[in-house]
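Take a look at the structure below.
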Ligand code: HEA
Ligand code: HEA
Ligand code: CUA
Ligand SMILES: [Cu+2]
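Chains as they are written, first to last, in the working numbering: chain G, 1 to 288; chain L, 1001 to 1399; chain F, 2001 to 2525.
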């Protein structure tokens, strides 16, 4: 083994597969958006390659991990990798939160004549005066009249679900730290179920928005920020659920020890991150 | 080393050939001082900061040059071993900071003055279009488009047979058909907005540059002190012809300005007669906007075609191209277009309404006659041959 | 690469060169090499585009290209140079040097390292492919402002995805570098003993991880505005085109420091070596780098002084931007103090480093001028800005890369490069680069906007000069390639230490550096 005390894999074929997968994925997606008929097929192909890559890559890593190739130092590298990845995700969400704050605090007030916007309103939109959320689809009421998503129905339930799942996830963590694999997996099962319910309810919520509230992606800046923020969050919940699900299966299969359970930790961190983002969403998107 | 010197001499000679020393004299190489109080303070700031940088530069590079000269191994020096001194480090943190503070004060003052557009005496709304400006004298009911001078426009086409002798055109790309006229000595407020993408209205001599943001209005102002013609450009990339949307401001004494206004309001009903004189009024469509619709009964197909061609080349060709071939992927071809060879009503409706969410905006602002002409041209020129004629009455009926 | 094929002796000699070796490699040196070659090729492609720009601008009138193609060239030139040339080149240097400098056996996450690299050719391929589409490539400038960028044809989606794609590479690459620096140092290599190049990369990687996702967010919003009917940048729906600019520059400004901080690191390695004297003010260099990074997050709107921000905003961004001159000045002064009373020699790396200090500072001065808001309202979007950023990027970032290449080539290849040709390369480049970019200050001040394919006669002389400089500078770079190839293939054997003033772990290993260095961590005093 090269790398002396540190494990440096020799040659790796999965990254190239991953590159090809991403390339095909993007080409397919772009074609899809351009309305080319091959788009969906290519997109599906790319996704398939990516899935294969992930199984292959993670499979290798899991084998190496179970084979005892990783020691403290490798584990530390992985943890840092995951930590900084989550840090980068924070900034991704920050861009969308930034858009939300900008629209509410600056753009819409200007359009309705506050501060620097006096002439804008006087000349371009004399009729427009804005109240959040009622007229947050802008001076031309893009997408038509809509109703905002209330904070205390499904969203509140979802908040409780996610908070609970944070607790179950933490209990699972304590379990594995004591070496209780089975118990970890059971608590993870609970977490995964909570995540799945969350996702189901979110689908419900979207259907409600589209069908009853006339609130769509096209409902001006309100719809844009609402769906992009909750949508990306939902996507992250789905990913997190999947990660926890795999960790759970591995737990049932007898993976992980009290000392060595990086995959668990990574997924759990991710889950907590998703949780925290949700709190931000709940406060700024639904509530205030 | 002597080879290097030789080479240098050679290059120097080469450049001397390119840079005609005489023409250099005439060409300004610095920011203009300008003709407003603000422009003079901006110029002052510019020169101050420039000289500050020059002085710091001379000091820094001087020390460096001395060190390169004196502390070289070939002179047999042995390196010193110091590598830290809190005192000098404090000094060279603090001194630049203080210099910056001193610079910040006048800069902030000028900025505050620039932003104060209160008490203006005339307001002009400027709207950017791809690729022309629209000026609207809000208090005077005068409005018109302003686009690149037609001769220059012809000359600048790639490999065009119309290419003129550019070096002889002193104001190449700096002239427009309709200048913006403003009075001197008055605080004129400009409102900037755009109809399509972001543009930026820039006139160096007035120290004005402001982005035209679609859907928002920005403000700036100028009080011009000397009569004259001040030229500028669009300064924000706005697509293919971004380089070809100049600004010309003509500042005139108040009386002249008043007379000009009167002429604009009434006088150009007469000018409307030039509508059909295609060759000399290439920008008919734009001018026509300020005209009370001229009752030109040009049902005659040839006249319509000729007029339509001019309008097409000036207004539509920026996107759909002079040949009508469009730019694949961005702008559809007119040649063979289903719309332009389909039924008249659809064609007219498209021009009147535009296509939402695309660069094809509504051209309902054009007089009926002009729309009729350009549509007739699209249907029967550019490789199309539908055979029918669109009349002003058709257009009026569709409105 | 050397012809010795000793598979069993993997600690020292690299495996034989084959497609598989390069496709599947996880070795930091192999990947560093790949990154560096890739960047060099991109430099030529981006440079060729710049030459098309300069060709059209050689004379007034349109002679060669359609204005829309011109705009594509401007846009692509910038994207390729920034994302394809300079960033990968610095990542390549990090790959090669960081593990050697901190005494690590390899990068922390070697497999991901391979992925980060191989994404780049694919992403750039996606980007370049747009040039062959019916609608042509992106033509809205590298800043991609809406609504203009939304007018792009079919290429739009491809080009947005290529930005996402490159972003994935950058984020993974940076995570890897951070993890390596924080986790893989040899015992005794405390943070404040790390070479400055490592420090600057640590901070750069942090910047990248923070701002690339913001760019990803911005272009995602462009995508949904165009295809899914959202209104982020559309006033009619309550959005604002200027919002995009805020998000973009929140990424864009730190991005320009991403392009220069590793350069500062390189220069801070080279000057002490050739002055034969320790770097002056090591600690203040570290703090200055950190301050620049911090300030870079709060100055973004200095690119937007003409968009109609409220006065308070303009004042804030003017002051914060001016502040950056202070830590940057500290760096410049420290370099000069390092030279002071040293015993300097002027091999090629040192020449490029000195050229860097002078010309970067000139670019910094014009940056400071741009920071003065009332004046910037005049400079903005004129060639003065083009002059500014090329001074910091070309005789700045690019010079530091060349200095680094000359400095470490002997360590990489085991051979000395041809010193005489190196000196020629430096002097020719320096003459031409100034001829290329200095006149742009003048035309900019006199009123020539950027991103235009044609101009009035008034600007003709200076543009002709710049074009001559561009071709001269461009063709001089062929000499650079020649010198590199020559050193790779042979030449005088390099010693381990290579430069007599050199200090640091990388100079304790043989030249060329063995395939695996520091399997057992070295001792760090
Ligand atoms: C490597 C890249 C790089 C670097 C390092 C910088 C450095 C700086 N830049 Fe630059 N900049 C760009 C790349 C870079 N820039 C690019 C690419 C653009 C254009 C983007 C686009 O629109 O496409 C741009 C545009 C740009 C603008 C917007 C211009 C406009 O569009 O209107 C401004 C405005 O403030 C600016 C300012 C600065 C400042 C103050 C610095 C400072 O960091 C410089 C500090 C350095 C010094 C000042 C010199 C050394 C200091 C001393 C010797 C100390 C003493 C000095 C004094 C007290 C004077 N830059
Ligand atoms: C790191 C970044 C970087 C680098 C290195 C450069 C390098 C160069 N740049 Fe670039 N430039 C930018 C970043 C950079 N630029 C950015 C960000 C913009 C703004 C874009 C925008 O407005 O959106 C810009 C814009 C820009 C413009 C303005 C365009 C416009 O506004 O319309 C010009 C004009 O002269 C220019 C010129 C050059 C030249 C001549 C070089 C030279 O240094 C290049 C050197 C040339 C070579 C290295 C060529 C070698 C090639 C050959 C010898 C031919 C053989 C070819 C093959 C073998 C393929 N650049
Ligand atoms: Cu309008 Cu540029
Ligand atoms: Cu900046």
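We treat Cβ as the ideally placed atom computed from N, Cα and C, and that holds for glycine.
Excluding its 5 nearest sequence neighbours in each direction, residue 2440/F has C-beta neighbours in its own chain below 8 Å: 2383, 2384, 2386, 2387, 2390, 2462 and 2466, listed in chain order. Interface residue (Cβ-Cβ distance to chain G less than 8 Å): residue 1122/L is not classified as such. Between the segment 2263-2277 of chain F and the segment 2494-2504 of chain F there are three or more C-beta pairs closer than 8 Å, enough to call the two in contact. In this structure, the alpha-carbon of residue 12/G lies about 22 Å from that of residue 2100/F. A check of alpha carbon separations from residue 1095/L across 2329/F, 2424/F and 2508/F identifies 2329/F as the nearest. Under the three-state reduction of DSSP, residue 1389/L is assigned to coil, being neither helix nor strand.
DSSP places residue 1208/L within a strand segment (E or B) once states are collapsed to three. Scanning its chain for C-beta atoms nearer than 7 Å, with the 5 sequence neighbours on each side dropped, one finds around residue 1350/L the residues 1339, in chain order.
Taking residue 1176/L as reference, the option from 1134/L, 1093/L and 1059/L with the minimal CA-CA separation is 1134/L. Straight-line measurement puts the Cα of residue 2280/F at about 28 Å from the Cα of residue 2299/F. Residue 1202/L sits buried, since 16 or more C-beta atoms from the chains shown fall within 10 Å of its C-beta. When the five nearest sequence neighbours on each side are left out, the beta carbons in the same chain lying within less than 6 Å of the beta carbon of residue 113/G are those of 121, in order along the chain. When the alpha-carbon of residue 1207/L is set against those of 1369/L, 1056/L, 1044/L and 1388/L, the nearest one is in 1044/L.
Within its own chain, the residues whose Cβ lies closer than 8 Å to the Cβ of residue 2418/F, once the five positions on either side in sequence are excluded, are 2483, 2486, 2487 and 2491, listed in chain order.
Boundaries for residue 1131/L: no alpha helix (DSSP H) harbours it, and the DSSP string shows neither H nor E there. For residue 1180/L, the uninterrupted beta strand (DSSP E) run begins and ends at 1180-1183, by DSSP. Between residue 221/G and chain L, the shortest Cβ-Cβ separation is not below 8 Å. CA-to-CA, the gap between residue 221/G and residue 102/G works out to about 11 Å.
Residue 1190/L is bridged by DSSP to 1124/L and 1220/L. Residue 1209/L does not reach chain G, its nearest Cβ partner there being about 17 Å away, counting only Cβ pairs nearer than 9 Å. Residues of chain G whose Cβ lies closer than 7 Å to the Cβ of residue 2025/F are, in chain order, 11. Taking a Cβ-Cβ threshold of 8 Å, the residues of chain F close to residue 1092/L are 2329, 2330 and 2333, in chain order. Distances from the CB of residue 2388/F to the heavy atoms of ligand 4 are all 7 Å or more. What residue 124/G touches in chain L, judged by beta-carbon distance under 9 Å, is 1193, 1215, 1216 and 1217, going in chain order. Taking all protein chains shown into account, residue 24/G has 16 or more neighbouring C-beta atoms within 10 Å of its C-beta and is therefore buried. Counting other Cβ atoms within 10 Å of its Cβ, residue 1264/L reaches 16 or more and is therefore classed as buried. Nearest neighbour of residue 1146/L by Cα position, chosen from 1083/L, 1231/L and 1167/L, turns out to be 1231/L.
Going by C-alpha positions, residue 2142/F is about 31 Å away from residue 1047/L.
Inter-segment contact for the segment 145-153 of chain G and the segment 2239-2255 of chain F is absent: fewer than three beta-carbon pairs are separated by less than 8 Å. Within the segment 53-76 of chain G, the residues whose Cβ lies closer than 9 Å to some Cβ of chain F are 57, 60, 61, 73, 74 and 76, listed in chain order.
Remark: the C-beta of residue 2349/F is outside contact range of ligand 1, defined as less than 7 Å to any heavy atom. Interface criterion met: the Cβ of residue 1125/L is under 8 Å from a Cβ in chain G. DSSP lists 1232/L as the bridge partner or partners of residue 1247/L. Sequence-distant partners of residue 2507/F (beyond 5 residues in either direction) whose C-beta falls short of 6 Å from its own C-beta, in its chain, are 2497. With respect to the C-alpha of residue 2226/F, the residue from 2436/F, 2409/F, 2126/F and 2148/F having the closest C-alpha is 2148/F.
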